[in-house]
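> Using numbering that gives the first Met the number 0, read the sequence shown as starting at 0 and increasing by one per residue.
Submitted below is the structure of interest, expressed as structure tokens.
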Amino acid sequence: MQRNIILIGFMGTGKSTIGRNLSRTFGYPLMDTDQMIEEQQGRQIPEIFATDGEAAFRDIETNVLHSLHKHSGHIIATGGGIIGREENRKLLRELGYVVWLIAKPSEILERTSRNSNRPLLNNDDPEGTIRDLLEIRTPFYRDTAHLGIETDNLSFDEVTAGIIESARYHFGSQE
Ligand code: S3P
């Protein structure tokens, strides 16, 4: 297993913010699969969904995940749907220590309603979509992660500190 810390979890659970915090505190550079996709494609995610559809986006996402295999010593933030494919779940676990950020649907709705850059939630019933997707995805997050953290009652700093402590323990026990 490589020595990366990988953040998985639903949209709006704080993966990017926690990723930046971890990168600063742990001293590992941050990579973000959504950002890598946008850079590689020269287009924003909503445009990729609108023009090519979700299946094409998922193919690009899997390719990006494969390209991360040469990296070690990184914090890797991922898109919320990356755990949908079995191939991706296997790749994620090979990449390193996988941390699942968990939040209540109401918290997710609050955080994701602040902008409209998530095509899957741009509909008349984002709350219903969040609940439906969570039901499908929760077993996948659970199966993929080494650690799950309920973030609702914790500050970003507390979540970051918890991840650092358990990642050190995890990597230490592998040496
Ligand atoms: C998605 C989550 C998004 C992005 C895309 C699809 C999903 O990433 O990859 O809009 O299927 O949950 P964030 O989790 O960073 O919002």
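Ideal placement from N, C-alpha and C gives every residue a C-beta, glycine not left out.
Note that this is a predicted model, so its numbers are computed, not measured.
1) With Ile176 and Asn20 assumed to form a contact (beta carbons below 8 angstroms), what rounded beta-carbon distance in angstroms separates them?
2) So does Arg110 have its beta carbon nearer than 6 angstroms to some heavy atom of ligand 1?
3) Kindly provide the ranges of any alpha helix (DSSP H) runs that are 4 or more residues long and lie completely inside the region 38–112, ordered along the chain.
4) Helix, strand or coil: how does DSSP classify Gly161 here?
5) Indicate whether Gln173 and Ser71 have their beta-carbon atoms separated by less than 7 angstroms.
6) Once the 5 residues before and after Ile81 are set aside, which same chain residues still bring their CB inside 8 angstroms of it?
7) Does the structure place the region 89–106 close enough to the region 149–157 that three or more beta carbon pairs sit under 8 angstroms?
8) Please report the residue range of the beta strand (DSSP E) in which Asn114 lies.
9) According to DSSP, what are the bridge partners of Leu29?
With the given structure in hand:
1) What is shown of the chain runs 0 to 174, which leaves residue 176 out entirely.
2) If you check the C-beta of Arg110 against ligand 1, you find no heavy atom less than 6 angstroms away.
3) Fully enclosed alpha helix (DSSP H) runs of 4 or longer: 44–51, 53–66, 85–94, 104–111.
4) Here Gly161 sits in helix by DSSP.
5) The answer is no: Cβ separation not under 7 angstroms.
6) Annotation for Ile81: Ile7, Thr32, Glu60, Leu64, Asn87, Leu91 place their beta carbon closer than 8 angstroms to its own, counting only its chain and skipping 5 residues before and after.
7) Proximity of the region 149–157 to the region 89–106 meets the contact definition, three or more beta-carbon pairs being nearer than 8 angstroms.
8) Taken as a continuous stretch (DSSP letters only), Asn114 belongs to no beta strand (DSSP E), as it is neither H nor E.
9) Note: Leu29 sits in a beta bridge opposite Ile74.
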